[in-house]
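If you read the sequences in order, they're chains A and B. FYI, the numbering for the first sequence is 328 to 529, going by this note's numbering. FYI, the numbering for the second sequence is 28 to 302, going by this note's numbering. A virtual CB, placed ideally from N, CA and C, is assigned to each residue, including glycine. Given the structure is predicted, the values throughout are model-derived calculations rather than measurements. Worksheet: the structure to be examined is printed underneath.
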Amino acid sequence: MRRKFEAVAIGVSTGGVHALQTLLGRLPADFPLPILIVQHMRADAGSGLAQLLDECCALCVKEADEQDEILPGKAYLAPPNYHLLVEREGFLSLSADPHVSFARPSVDVLFESAAEVFGPQLIGIVLTGANFDGSLGLKAIKQKGGIAIVQDPEDAEARQMPQAAIAATEVDHILALNGIAALLQKLAPRRAAMARGTRETG
Amino acid sequence: MKRDDVEDVEIRLLLEGVQQIYGYDFRDYADASIKRRLNHWLAESEFDTFSQAQSQLLRDRGVFESLLRGITVNVTEMFRDPAFFRAVREQVVPFLKTYPFVKIWHAGCATGEEAYSMAILLNEEGMSGRYRMYATDINEAVLQKAADGVMPIAEMQRSTRNYQKGGGTASFADYYTARYDRAILSSALKKDIVFAPHNLAVDGEFGEMNLVLCRNVMIYFKPALKERCLRLFDSSLLPGGFLCLGLKETLERRKIGERYEEVAANLRIYRKRYA
Ligand SMILES: C[S@@+](CC[C@H](N)C(=O)[O-])C[C@H]1O[C@@H](n2cnc3c(N)ncnc32)[C@H](O)[C@@H]1O
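As structure tokens, this is what we get:
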């Protein structure tokens, strides 16, 4: 039976703006899964990136606010200086906890909490980056039965983060950005099959 | 049942027990981060599972104290979000100055950096002696640190930068004395601040406040507890008083928001309406 995915989580660092523009830019406006993104950035980076991505992609991209409901077809970017987490009730939360893997927002934090909530229905993706954040998180996603995709280090602007992820866990797909975009569309449930009941949020 | 579900049950029981024995209620905290921190605490502890920890936890206050330290996050810094402090200086203080005396409440003040930053700002604006600041937190260990007013000297570089970006008008080095690896804050900053324990989940309001700050505390709470806090702040504030939240917290989409006007929406500074 075909697995029904519920969410995509993406972690990216150095070279991320370009990579996200490329990847998200190739997804259609009616891409049926929510996309949660951690892009490393400086604490005082401001909210420009969400806007930039929103303008250049068909998808709707926003900087995550506390208690945002996780909606299909929307991309949520972790705000600078906060970790982004997923709550069971289907909404997002933020935390000002200490840095994890030298980062805040940290990919590991997002991936681990998303894995808890979405289990096998989660697609985790590690893209370009010059550090090791995300590899523990991707491992957690795999342990909960989710699927792991890593950008081909040859295709990445900075190869450490993809390489670390590949070393840390058994990755399902190693692909260039184009390939990842195509795969996502293949994995995503078709729009009609998506209609899941609206969840109560408190 | 998967192992995870067992763990969820264990955590629920643990928090229940903690509430009944020690009166600290963490059941209304957002699951994702508290779970993360509980797991972290467990990994560092001598116990293998939460059930195993439970019996000692309920009998041994020391174990509970270590849990409490593990699950409350006290990360803070001086003049955190400099643009926010600049806006307070430019858009809030002019109103505060019209009162002979003002009262300020910092809810969730952690180790006091935010309160001391505000004291610096108010003193520079000529309000020394004309305000009383109540800085509260659930965690008494951090309150003790806050009252001591001693900070790692390594923090001072970032503090100085934040202070300048936040519109500071003097020399930041004048506000502390360096002693080995610590910075001892000047007593002029301490004299108008009262540090006291207060638990936002159970305790009541502070009356007649002109300014309430609660930044990066409610992000850890479930919606119902957030609502409780906002009601508490609302009943503590005088009409015309100011409410400041963390940069990622908002009154938008909230009923109580109707009673406030935005002073600096992006910086989450709100003012309670008169009627
Ligand atoms: C991340 S710190 C925020 C410090 C500071 N306001 C800032 O923004 O830099 C959160 C603080 O909230 C406190 N806190 C957590 N739960 C609380 C509660 N129920 N009542 C009062 N304070 C609480 C924690 O102990 C911690 O010191």
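Per-residue contacts from residue i into chain B (C-beta, under 8 angstroms)
i: valine 335/A; result: Result: empty, since nearest Cβ-Cβ is about 18 angstroms, beyond 8 angstroms.
i: tyrosine 409/A; result: Ile246 and Lys275
i: alanine 423/A; result: Val100, Val102, Asn243, Ile246 and Gly273
is_contact[residue i, chain A] using C-beta, thresh 7 angstroms
i: asparagine 243/B; result: yes
i: valine 100/B; result: yes
i: aspartate 58/B; result: yes
i: methionine 28/B; result: Because methionine 28/B carries a pLDDT of 44, less than 50, the predicted location of this residue cannot be relied on, and no value is offered for it.
Selection from the options that minimises the alpha carbon distance to residue i
i: asparagine 408/A; options: Lys253/B, Asn243/B and Leu257/B; result: Asn243/B
i: alanine 356/A; options: Asp371/A, Arg517/A and Cys387/A; result: Cys387/A
i: valine 498/A; options: Leu504/A, Val453/A and Leu360/A; result: Val453/A
i: serine 420/A; options: Ala483/A, Leu514/A and Leu437/A; result: Leu437/A
i: leucine 238/B; options: Leu84/B, Val120/B, Arg280/B and Ser186/B; result: Val120/B
i: glutamine 47/B; options: Val33/B, Asp75/B, Leu85/B and Ala59/B; result: Leu85/B
i: proline 361/A; options: Ala509/A, Pro432/A, Leu465/A and Pro399/A; result: Pro399/A
i: leucine 514/A; options: Gly473/A, Gln487/A and Ser374/A; result: Gly473/A
i: methionine 160/B; options: Ala168/B, Val177/B, Glu140/B and Pro179/B; result: Glu140/B
i: tyrosine 247/B; options: Asp32/B, Tyr49/B, Asp55/B and Arg258/B; result: Asp55/B
i: asparagine 458/A; options: Gln394/A, Glu396/A and Ser433/A; result: Ser433/A
i: alanine 197/B; options: Thr125/B, Gly153/B and Arg286/B; result: Gly153/B
Contacts of residue i in chain B (Cβ-Cβ under 9 angstroms)
i: valine 413/A; result: Ala59
Chain B within 7 angstroms of residue i, Cβ atoms only
i: proline 406/A; result: yes
i: aspartate 499/A; result: no
i: leucine 376/A; result: no
i: proline 399/A; result: no
i: arginine 523/A; result: The predicted model places arginine 523/A with a pLDDT of 47, which falls under 50 and marks its position as unreliable; any figure quoted below should be read in that light. Taking Cβ atoms only, chain B never reaches closer than 7 angstroms to arginine 523/A, which makes this a no.
i: serine 428/A; result: no
i: serine 420/A; result: yes
i: serine 440/A; result: yes
i: alanine 519/A; result: Here alanine 519/A scores only 48 on pLDDT, less than 50, and its place in the model is too uncertain to base an answer on.
i: serine 340/A; result: no
Beta-carbon proximity check, residue i vs residue j, cutoff 7 angstroms
i: threonine 138/B; j: alanine 173/B; result: yes
i: glutamine 478/A; j: threonine 496/A; result: no
i: phenylalanine 313/B; j: leucine 42/B; result: Past the boundaries of the shown model lies residue 313/B; chain B is included only from 28 to 302, so the question cannot be answered.
i: histidine 345/A; j: alanine 430/A; result: no
i: glycine 461/A; j: glycine 338/A; result: yes
i: leucine 411/A; j: alanine 442/A; result: no
i: methionine 326/B; j: serine 263/B; result: Residue 326/B is absent from the structure shown; chain B starts at 28 and stops at 302.
i: tryptophan 68/B; j: glycine 97/B; result: yes
i: isoleucine 450/A; j: valine 335/A; result: yes
i: threonine 341/A; j: leucine 504/A; result: no
i: phenylalanine 122/B; j: arginine 157/B; result: no
i: tyrosine 202/B; j: isoleucine 283/B; result: no
Proximal chain A residues relative to residue i, where beta-carbon distance stays under 7 angstroms
i: arginine 116/B; result: Under the 7 angstroms cutoff, chain A gives no residues; its nearest Cβ is about 18 angstroms from arginine 116/B.
i: arginine 295/B; result: Chain A residues near arginine 295/B: none, gap ~11 angstroms exceeds 7 angstroms.
Interface partners of residue i on chain A, CB under 9 angstroms
i: arginine 286/B; result: Within chain A, no residue comes near arginine 286/B; the closest Cβ sits about 20 angstroms away, beyond 9 angstroms.
(request) Inspect the CB distances between the region 154-172 of chain B and the region 216-236 of chain B and report whether three or more fall short of 8 angstroms. (result) yes
(message) Closer than 8 angstroms is the cut-off here; do at least three beta carbon pairs connect the region 292-302 of chain B with the region 261-277 of chain B?
(response) yes
(message) Below 8 angstroms, how does it come out for the region 98-109 of chain B and the region 209-217 of chain B: are there three or more Cβ pairs, yes or no?
(response) no
(request) Answer yes if the region 124-135 of chain B comes into contact with the region 177-195 of chain B, meaning at least three C-beta pairs across the two stretches below 8 angstroms, and no otherwise. (result) no
(message) Under 8 angstroms, CB to CB, which of the residues in the region 41-74 of chain B have a partner in chain E?
(response) The displayed structure is made up of protein chains A and B, and chain E is not among them.
(request) Spell out a yes or no on whether the region 480-489 of chain A and the region 370-382 of chain A are touching, meaning 3 or more CB-CB pairs, one atom from each, closer than 8 angstroms. (result) no
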